[in-house]
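Here is the structure we will look at.
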Amino acid sequence: MQGLFCQCSSTDCPLNNTVSMTAAFYDSHTGLQANMTDTLSIVAVGRRDTTLLNRGIDFNKVKLPMGYAQKTDTLLFR
6 MQGLFCQCSS TDCPLNNTVS MTAAFYDSHT GLQANMTDTL SIVAVGRRDT
56 TLLNRGIDFN KVKLPMGYAQ KTDTLLFR
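Each residue of the sequence shown is one higher than the one before, counting from 6 in the working numbering.
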């Protein structure tokens with residue numbers, strides 16, 4: 006399973022917009038979009054370990070909020 010992650014930079018995301026990232030999941034062998042068949046949780050490490058997705062199942066993409074205060078976001082997929 007592979008993931009593709011894209012987000013915008015400060016030059017193309019005005020401050021009055023919500024900054025987010027869409028993560029899509031693909032099968033590494035076929036290259037086709039794949040559904041997550043097992044549970045997945047996503048935690049934003051460093052932001053008080055905020056849970057962004059709790060035990061999601063049967064999806065192929067997810068939209069995640071990004072932080073404003075730090076230069077980078079660290080996400081834990083488990």
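Idealized CB from N, CA, C, for every residue including glycine.
What you are looking at is a predicted structure, and each value in this text was computed from that prediction instead of being measured.
Look at the alpha carbon of Y31 and the alpha carbon of N65, and state the distance between them as a whole number of angstroms.
About 8 Å.
Compute the Euclidean distance between the alpha carbons of R60 and T44, then round it to the nearest angstrom.
Cα-Cα distance, rounded: 5 Å.
Using DSSP bridges, identify the partner residues of I47.
Partner(s): L58 and F82.
Apart from the five residues just before and just after S46, which ones in its own chain have a Cβ nearer than 7 Å to its Cβ?
Contacts found: T56, L58, N59, R60 and R83.
Buried or exposed: A74, going by 16 or more other Cβ atoms within 10 Å of its Cβ?
Exposed, since its Cβ has fewer than 16 Cβ neighbours within 10 Å.
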